[in-house]
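Undergrad:
Residue numbers (the numbering used here): 23 to 457.
#1: Could you tell me the distance, in whole angstroms, from the CA atom of residue 378 to the CA atom of residue 351?
#2: If we count the other Cβ atoms within 10 Å of its Cβ and call it buried at 16 or more, is residue 101 buried or exposed?
#3: Could you give the distance in angstroms between the alpha-carbon of residue 458 and the alpha-carbon of residue 370?
#4: State the Cα-Cα distance for the pair residue 117 and residue 281, rounded to the nearest angstrom.
#5: Just the C-alpha distance for residue 238 and residue 194, rounded to the nearest angstrom, thanks.
#6: Helix or strand or just coil, what does DSSP make of residue 396?
#7: What are the start and end residues of the beta strand (DSSP E) that includes residue 304?
#8: Between which two residues does the beta strand (DSSP E) carrying residue 416 extend?
#9: Give a yes or no on contact between the stretch 354-368 and the stretch 321-338, applying the rule of three or more CB pairs nearer than 8 Å.
#10: Report the option in 230, 178, 305, 147 whose CA atom is closest to the CA atom of residue 187.
#11: My output table needs one value for residue 386: the three-state DSSP class, helix, strand or coil.
#12: Counting only the same chain and skipping the five closest in sequence on each side, list residues whose C-beta sits under 8 Å from that of residue 90.
#13: By alpha-carbon positions, which one of 274, 304, 314, 255 ends up nearest to residue 287?
#14: Is there contact between the stretch 59-73 and the stretch 305-325, where contact requires at least three CB pairs shorter than 8 Å?
#15: Let's test the definition: count the other Cβ atoms within 10 Å of the Cβ of residue 35 and tell me whether it reaches 16, buried, or not, exposed.
#16: According to DSSP, is residue 202 part of a helix, a strand, or is it coil?
#17: Count the other CB atoms, across all protein chains shown, that sit within 10 Å of the CB of residue 23; report buried if there are 16 or more and exposed otherwise.
#18: Ignore the nearest five residues each way along the sequence and tell me which others in residue 240's own chain have a CB closer than 7 Å to its CB.
#19: Can you tell me whether DSSP reads residue 426 as helix, strand or coil?
#20: So what does DSSP say about residue 157, is it helix, strand or coil?
#21: Mapping DSSP to helix, strand and coil, what is residue 269?
#22: Taking 8 Å as the cut-off, is the C-beta of residue 172 nearer than that to any heavy atom in the ligand NAP?
#23: Are there 16 or more other CB atoms within 10 angstroms of the CB of residue 267, so buried, or fewer, so exposed?
#24: Starting from the C-beta of residue 92, find all residues in its chain whose C-beta is less than 7 Å away, skip the five residues before and the five after it, and write them out in chain order.
#25: Can you grab the Cα-Cα spacing for the pair residue 146 / residue 257, in whole Å?
#26: Counting C-beta neighbours from all protein chains within 10 Å, is the total for residue 141 16 or more, i.e. buried, or is it exposed?
#27: For the candidate residues 392, 356, 328, whose alpha-carbon lies nearest to that of residue 373?
#28: Taking the alpha carbon of residue 309 as the reference point, which residue from 263, 97, 179 has its own alpha carbon closest?
#29: If we ignore side chains and look at the alpha-carbon of each, how far apart do residue 276 and residue 32 end up?
#30: Between residue 134 and residue 158, is the Cβ-Cβ spacing less than 9 Å?
#31: Have a look at 269, 259, 171 and flag the residue whose alpha-carbon is nearest the alpha-carbon of residue 419.
#32: Indicate whether residue 339 and residue 296 have their beta-carbon atoms separated by less than 9 Å.
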């Protein structure tokens, strides 16, 4: 087995330098099970950040389904096969009526890129409304609508057809609070963007948003913002895209999809990440009207999207979520963990805000309660100290000061207690004292 040093040297030689590695002292992970990862020394780590392993790392039912189908057939979707139609039927059954056409892809980025194509073709426009701090994927087209990237290092800023709305952040945003007035104030900024587009003689193409912002810092919107925003965009004949890549499939607990928590109905939904529990699987779900418009003579073909192995794995994940009541577990354990973290907040002034839904939570660190100065360095230090204590987290947000908690849905109350007690222990260090 290679040493850490040897692996790092080979990465430097053969792997692109912009591929990042987590933690100041990288981990060499060899195996995983459920909500745990194990390194080359046999150390166990509680995984509180890998939301891709939605039903738990190496779930035996998912592995068995993949192996059984892989031994029979794996080819593209140009041939008839039961798996793609059964899975599409089951998957669309989890959505509101009208969202009933699937396109299968391989990643969240590919799904969002396809959704952009559909919306722009349907409206005949490129004019896009996005939220500041949002990230929707790594293709060239998606970098152009992701302020998290185009306003970051080496970013080129927004193209002229991308209209950026301030992040609807109740804690540190332009308008603060979680009431109807704040929702309406942020929705008013959507209307301003729509009017600006119209005044320039152009048509709104789309508004894309996560119902809970992931890379934006686990931001929960004011109560009716997304619903109002979608209604305004639809009234202007634009397309509303719900990016569910990080938060879908029951993670929010109360609902299967994040947009449902906001009372908002999209025209297109994109899903991925957790969909295949580690297998590259994603999809776009839309209305027949939009799908028919996309059928304009240019064939849609995807070499791997919708293949029998992928669809069989997706079906297994969906079945496990239901059979093991993982949405209910996300609600119960997530609510318990949120309460524990609020108690930790009371003891540590460096914690400015604790928020989230289900098992998608954020802890925002600040240096000052009056000016709300972000504590990005402290968040990074916390993540690395938690790793040393055997718990894996990450940090994110535009200022990288939000601890992200998004574990596999098999997380237990004992896991939640371990996480909260360890965070309390870490923050008791002198490094984190503020005036």
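All C-beta atoms in this analysis are idealised placements derived from N, C-alpha and C, irrespective of residue type, glycine included.
TA: On the basis of the supplied data:
#1: Here residue 378 is taken as the residue at index 356 of the chain shown, counted from 1. Here residue 351 is taken as the residue at index 329 of the chain shown, counted from 1. Computed Cα separation, rounded: 15 Å.
#2: Taking the chain shown and counting its residues from 1, one reaches residue 101 at position 79. Residue 101 is exposed by the Cβ-count criterion.
#3: Coverage of the chain is limited to positions 23 through 457, which leaves residue 458 absent and any answer about it impossible.
#4: Taking the first residue of the chain shown as 1, we reach residue 117 at position 95. Taking the first residue of the chain shown as 1, we reach residue 281 at position 259. Distance between the alpha carbons of residue 117 and residue 281 is about 10 Å.
#5: Counting from 1 along the chain shown, the entry for residue 238 is found at position 216. Counting from 1 along the chain shown, the entry for residue 194 is found at position 172. Roughly 12 Å separates the two Cα atoms.
#6: Residue mapping note: residue 396 aligns to position 374 of the chain shown, counting from 1. In the structure shown, residue 396 sits in a strand (DSSP, three-state: E or B).
#7: In the chain shown, counting from the first residue as 1, residue 304 sits at position 282. Here the beta strand (DSSP E) through residue 304 covers 304-308.
#8: Here residue 416 corresponds to residue number 394 of the chain shown, with the count starting at 1. Note, residue 416: beta strand (DSSP E), 416-418.
#9: no
#10: Locating residue 187 in the chain shown gives position 165, counting from the first residue. Closest option to residue 187, Cα to Cα, is 230.
#11: Taking the first residue of the chain shown as 1, we reach residue 386 at position 364. It is a strand residue.
#12: On the chain shown, residue 90 is found 68 positions in, with the first residue counted as 1. Only 334 meet the Cβ criterion.
#13: Taking the chain shown and counting its residues from 1, the one referred to as residue 287 is at position 265. Ranking the options by Cα distance to residue 287, first place goes to 255.
#14: no
#15: Here residue 35 refers to the residue found at position 13 of the chain shown. So residue 35 counts as exposed.
#16: Taking the chain shown and counting its residues from 1, one reaches residue 202 at position 180. Helix.
#17: Taking the first residue of the chain shown as position 1, residue 23 is located at position 1. So residue 23 counts as exposed.
#18: Along the chain shown, read from residue 1 onward, the residue named residue 240 stands at position 218. 234, 377, 378, 382, 383, 384, 424, 426, listed in sequence order.
#19: Along the chain shown, one-based indexing puts residue 426 at 404. The answer is strand: DSSP assigns residue 426 an E or B state.
#20: As a position in the chain shown, residue 157 is number 135, starting the count at 1. Residue 157 falls in the coil class under three-state DSSP.
#21: In the chain shown, residue 269 corresponds to position 247, counting from 1. Here residue 269 sits in coil by DSSP.
#22: In the structure shown, the ligand NAP is absent, as is every other ligand, since no ligand is present at all.
#23: Against the chain shown, residue 267 aligns to sequence position 245. The residue is buried, with at least 16 neighbouring Cβ atoms inside 10 Å.
#24: Against the chain shown, residue 92 aligns to sequence position 70. Counting only Cβ-Cβ distances below 7 Å, and skipping sequence neighbours, we find 331.
#25: In the chain shown, counting from the first residue as 1, residue 146 sits at position 124. In the chain shown, counting from the first residue as 1, residue 257 sits at position 235. The straight-line gap from Cα to Cα measures roughly 16 Å.
#26: As a working note, residue 141 is residue 119 in the chain shown. Buried is the call here.
#27: Walking along the chain shown from the start, residue 373 turns up at place 351. Selected option, being the one with the closest Cα: 392.
#28: For the purposes of this step, residue 309 is taken as residue 287 along the chain shown, with counting starting at 1. With distances taken between Cα atoms, residue 309 lies closest to 263.
#29: Here residue 276 corresponds to residue number 254 of the chain shown, with the count starting at 1. Here residue 32 corresponds to residue number 10 of the chain shown, with the count starting at 1. Roughly 45 Å between the two C-alpha positions.
#30: What you label residue 134 is simply residue 112 of the chain shown in a count that begins at 1. What you label residue 158 is simply residue 136 of the chain shown in a count that begins at 1. Taking 9 Å as the Cβ cut-off, residue 134 and residue 158 qualify as a contacting pair.
#31: Locating residue 419 in the chain shown gives position 397, where the first residue counts as 1. Among 269, 259, 171, the Cα nearest to that of residue 419 belongs to 171.
#32: Here the question's residue 339 lines up with position 317 in the chain shown. Here the question's residue 296 lines up with position 274 in the chain shown. In contact: residue 339 and residue 296 (Cβ atoms closer than 9 Å).
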